[in-house]
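Take 142 as the starting number for the sequence shown in the numbering used here and just add one per residue.
For every residue, glycine included, the Cβ atom is placed at its ideal position computed from N, Cα and C.
Since we're looking at a predicted model, the values are computed, not measured.
To start, the structure itself, in structure tokens.
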Amino acid sequence: MGIKILFVDDEPKVLEAMQRMLRSMRKEWETAFALSGQEALEILGRESFDVVVSDMRMPGMDGTQLLAEVKKRYPDIVRIVLSGQSDKEMVLKSVQPAHQYLAKPCDAETLKSTINRACTLRDLFTDNALRLVVSQLDSLPSLPDLYAQIMKELQSEYSSIRKIGEIISKDIGMTAKVLQLVNSAFFGHIRHVSSPAQAAELLGLETIKTLVLSVKIFSQFDRFNLPNFSVKGLWDHSMATGVFSRTIAIREKQTQEVIDDAFMAGVLHDAGKLILAANFARQYREVIETTQQRHLPLWQAENQVFGVTHAKVGAYLFSLWGLPYSIVEAIAFHHDPSAAPQKEFGPLTAVHAANYLEHHRRQGDADKGEAVDSAYLTAIGMVDQLGFWEEKCSKAIKEEEDDN
Ligand SMILES: [Fe+2]
Ligand SMILES: [Fe+2]
142 MGIKILFVDD EPKVLEAMQR MLRSMRKEWE TAFALSGQEA LEILGRESFD VVVSDMRMPG
202 MDGTQLLAEV KKRYPDIVRI VLSGQSDKEM VLKSVQPAHQ YLAKPCDAET LKSTINRACT
262 LRDLFTDNAL RLVVSQLDSL PSLPDLYAQI MKELQSEYSS IRKIGEIISK DIGMTAKVLQ
322 LVNSAFFGHI RHVSSPAQAA ELLGLETIKT LVLSVKIFSQ FDRFNLPNFS VKGLWDHSMA
382 TGVFSRTIAI REKQTQEVID DAFMAGVLHD AGKLILAANF ARQYREVIET TQQRHLPLWQ
442 AENQVFGVTH AKVGAYLFSL WGLPYSIVEA IAFHHDPSAA PQKEFGPLTA VHAANYLEHH
502 RRQGDADKGE AVDSAYLTAI GMVDQLGFWE EKCSKAIKEE EDDN
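Next comes the structure, spelled out in structure tokens:
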């Protein structure tokens, strides 16, 4: 496939070390090196690249400026920061134009997995316009009342990270953003983040304050007008799918890591709908009309209109943002798990079943056409479990609702 990567650093020694380190990747990667932002832009003007990895502190044009320029001129290039820990202030500023953040020194393994992860789903998109939109997104909109709540909490003299974590956990956009940050090598890179609340805690109160109040990493909905598409409905469905998915993973005695990933993938599984509805309102209306007239599941109507589904759109954004692969995979294949390479129980299984069960318990749901992939459940020996899962899930959601 050949991924083309441009490395930018003002220190020749850093670039030489990088070149040596990447020798083993010669067959898969084509690399180029630039000693300044200016030189990088010249090279990008001559040839096309898939990925830019840039240092932050450079004389003349710094990394933030370079990445912002790359984002503007070549939006679908994957933008990665590679920076020293002492440049924290600068990295915070680059949070918007960059997809991912690596810390110096960076070993070959981390670099390889970061770049490969970011590029896994790029070829899925035949529609260029859509790919451009997704690679330019730096946030997913939040529900206005949750947005107001977090602003109020952060501006308060007595803001508490626990409360902030709680608010973030209720919102799809905020959850996605903190997971992006905390999964990056620069901001933490611990192997396993258990929840959006824990992600907030790991980032720390001060960092979150800077990111939300000055860098403005969260955004809120401009009201968009779509008949039969309820944003609030999407939120409720997503949160409930998270709970269902966690319940199923617990019932199947999975490891804590699978249980946590199943929960977060459940919360994020339909984020692609937000992206499509918010950025392509006119076409999305067509999708909804097709769904109703022809009684198709929403994702099949999307496929007809966009050539791709909300599942793949969401998964593509989250792979660019460096979320763990098991979460990205669960989102990408939540309607058609048979198509996934993974053939044993995992977050994908949990999210697929949870999504099906959740849509079907909902009265008047627009997405009634969702079906269960029995061939898949049979292949992994789980087809008889669906009834038990359903029982457990209704209990779990009742408990959750009683708590709130
Ligand atoms: Fe879906
Ligand atoms: Fe769904």
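task: Check the C-beta distance from residue 500 over to residue 478 and give it rounded, since I have them as a contact under 8 angstroms.
output: For the purposes of this step, residue 500 is identified with residue 359 of the sequence shown, where counting begins at 1. For the purposes of this step, residue 478 is identified with residue 337 of the sequence shown, where counting begins at 1. 15 angstroms between Cβ atoms; not a contact.
- request: Give me the Cα-Cα distance between residue 458 and residue 152, rounded to the nearest whole angstrom.
  value: Here the question's residue 458 lines up with position 317 in the sequence shown. Here the question's residue 152 lines up with position 11 in the sequence shown. Cα to Cα, residue 458 sits roughly 32 angstroms from residue 152.
- prompt: Do three or more CB pairs link the region 242-249 to the region 314-327 at distances below 8 angstroms?
  reply: yes
At least 3 beta-carbon pairs within less than 8 angstroms: the region 482-497 vs the region 379-386: yes
- request: Compare the Cα-Cα distances from residue 461 to each of 322, 225, 289 and 204 and report the closest residue.
  value: On the sequence shown, position 320 is the one that residue 461 refers to. Looking at the Cα atoms, 322 is the closest of the given residues.
field: Endpoints, alpha helix (DSSP H) assigned at residue 187
entry: On the sequence shown, position 46 is the one that residue 187 refers to. Residues 178-187.
query: In whole angstroms, what is the alpha-carbon distance linking residue 503 and residue 444?
result: Start at 1 with the first residue of the sequence shown, and residue 503 comes out as number 362. Start at 1 with the first residue of the sequence shown, and residue 444 comes out as number 303. Between residue 503 and residue 444, the C-alpha separation is close to 24 angstroms.
message: Measuring only the C-alpha atoms, how far is residue 353 from residue 306?
response: Position 212 of the sequence shown, counted from the first residue, corresponds to residue 353. Position 165 of the sequence shown, counted from the first residue, corresponds to residue 306. Between residue 353 and residue 306, the C-alpha separation is close to 13 angstroms.
message: At the level of alpha carbons, what is the spacing between residue 260 and residue 475?
response: Start at 1 with the first residue of the sequence shown, and residue 260 comes out as number 119. Start at 1 with the first residue of the sequence shown, and residue 475 comes out as number 334. For residue 260 and residue 475, the distance between alpha carbons rounds to 20 angstroms.
query: Which one or two residues does DSSP pair with residue 282 in a beta bridge?
result: Looking up residue 282 in the sequence shown gives position 141. Note: residue 282 sits in a beta bridge opposite 360.
query: Per DSSP, which one or two residues make a beta bridge with residue 344?
result: Locating residue 344 in the sequence shown gives position 203, counting from the first residue. Residue 344 is not bridged to any residue.
message: Shorter than 7 angstroms, the distance from the beta carbon of residue 493 to the closest heavy atom of ligand 1, or not?
response: By one-based count along the sequence shown, residue 493 stands at place 352. Residue 493: no, Cβ never under 7 angstroms from ligand 1.
- request: Please go through the region 225-292 and give each complete beta strand (DSSP E) segment of 3 or more residues, from N-terminal end onward.
  value: 241-244
message: Taking the alpha-carbon of residue 347 as reference, which of 200, 527, 423 and 302 has the nearest alpha-carbon?
response: Indexing the sequence shown from 1 puts residue 347 at position 206. Nearest option by C-alpha distance: 302.
task: Specify which residues have a beta carbon nearer than 5 angstroms to any heavy atom of ligand 2, listing them in chain order.
output: 411 and 496
query: So, is residue 337 buried or exposed, given that buried needs 16 or more other C-beta atoms within 10 angstroms?
result: On the sequence shown, residue 337 is found 196 positions in, with the first residue counted as 1. So residue 337 counts as buried.
task: Report the rounded CA-to-CA distance for residue 420 versus residue 395, giving the unit in angstroms.
output: The residue given as residue 420 occupies position 279 in the sequence shown. The residue given as residue 395 occupies position 254 in the sequence shown. When rounded, the distance between both Cα atoms is 37 angstroms.
query: When DSSP labels each residue in this structure, what does residue 174 get in the three-state scheme?
result: Taking the sequence shown and counting its residues from 1, one reaches residue 174 at position 33. Of the three classes helix, strand and coil, the one that applies to residue 174 here is strand, per DSSP.
query: Are the CB atoms of residue 178 and residue 206 nearer to each other than 8 angstroms?
result: As a working note, residue 178 is residue 37 in the sequence shown. As a working note, residue 206 is residue 65 in the sequence shown. Yes, these two residues count as a Cβ contact at 8 angstroms.
Nearest neighbour of residue 149, chosen from 319, 212, 172 and 273 [CA to CA]: Numbered from its first residue, the sequence shown carries residue 149 at position 8. Comparing Cα positions, the closest option is 172.
- prompt: DSSP puts residue 193 in a beta bridge; with which residues?
  reply: Taking the sequence shown and counting its residues from 1, one reaches residue 193 at position 52. Paired residue(s): 147 and 220.
- prompt: What first and last residue would you give for the alpha helix (DSSP H) that runs through residue 392?
  reply: For the purposes of this step, residue 392 is taken as residue 251 along the sequence shown, with counting starting at 1. Segment 372-392, the alpha helix (DSSP H) holding residue 392.
- request: Confirm the yes/no value for this check: CB of residue 471, any heavy atom of ligand 1, distance under 7 angstroms.
  value: As a working note, residue 471 is residue 330 in the sequence shown. Answer for residue 471: no, Cβ out of range of ligand 1.
query: Does any heavy atom of ligand 1 sit closer than 7 angstroms to the C-beta of residue 501?
result: Translated into the one-based positions of the sequence shown, residue 501 becomes position 360. Outside the cutoff, so no.
- request: Find the nearest neighbour of residue 233 within the set 407, 351 and 532, judged by alpha-carbon distance.
  value: Translated into the one-based positions of the sequence shown, residue 233 becomes position 92. Minimum Cα distance to residue 233 is reached at 351.
N- and C-terminal bounds of the alpha helix (DSSP H) containing residue 515: Sequence index remark: in the sequence shown, residue 515 carries index 374 (1-based). Its alpha helix (DSSP H) spans residues 515-520.
- prompt: For residue 424, which residues of its own chain have a beta-carbon under 6 angstroms away from its beta-carbon, when the five flanking residues on both sides are left out?
  reply: Looking up residue 424 in the sequence shown gives position 283. So the list reads 446, once near-sequence residues are dropped.
message: In this structure, how does DSSP classify residue 154 when only helix, strand and coil are distinguished?
response: Stepping through the sequence shown from its first residue, residue 154 is reached at position 13. Helix.
- prompt: Should residue 371 be labelled buried (16 or more other beta-carbon atoms within 10 Å of its own) or exposed?
  reply: Working through the sequence shown from its first residue, we reach residue 371 at position 230. Counting Cβ neighbours within 10 Å, residue 371 comes out exposed, since fewer than 16 surround it.
- request: For the alpha helix (DSSP H) containing residue 398, list its first residue and its last residue.
  value: In the sequence shown, the residue the question calls residue 398 occupies position 257. 397-409 is the extent of the alpha helix (DSSP H) around residue 398.
Three-way DSSP call (helix, strand, coil) for residue 354 in this model: Here the question's residue 354 lines up with position 213 in the sequence shown. In the structure shown, residue 354 sits in a helix (DSSP, three-state: H, G or I).
- request: Note the first and the last residue of the continuous alpha helix (DSSP H) segment covering residue 311.
  value: Counting from 1 along the sequence shown, the entry for residue 311 is found at position 170. Residue 311 -> no alpha helix (DSSP H), and no H or E assigned at all.
field: Cβ shell of residue 406 (< 7 angstroms), same chain only, five flanking positions each side left out
entry: Residue 406 sits at position 265 when you count from the first residue of the sequence shown. For residue 406, where only same-chain residues beyond five positions count, the Cβ hits under 7 angstroms are 386, 468, 471, 472, 488 and 492.
field: residue 262 to residue 298 span [Cα, whole Å]
entry: Within the sequence shown, the letter at position 121 stands for residue 262. Within the sequence shown, the letter at position 157 stands for residue 298. Near 43 angstroms, if we compare the C-alpha coordinates of residue 298 and residue 262.
message: According to DSSP, simplified to helix, strand and coil, what is residue 168?
response: Numbered from its first residue, the sequence shown carries residue 168 at position 27. Coil, per DSSP.
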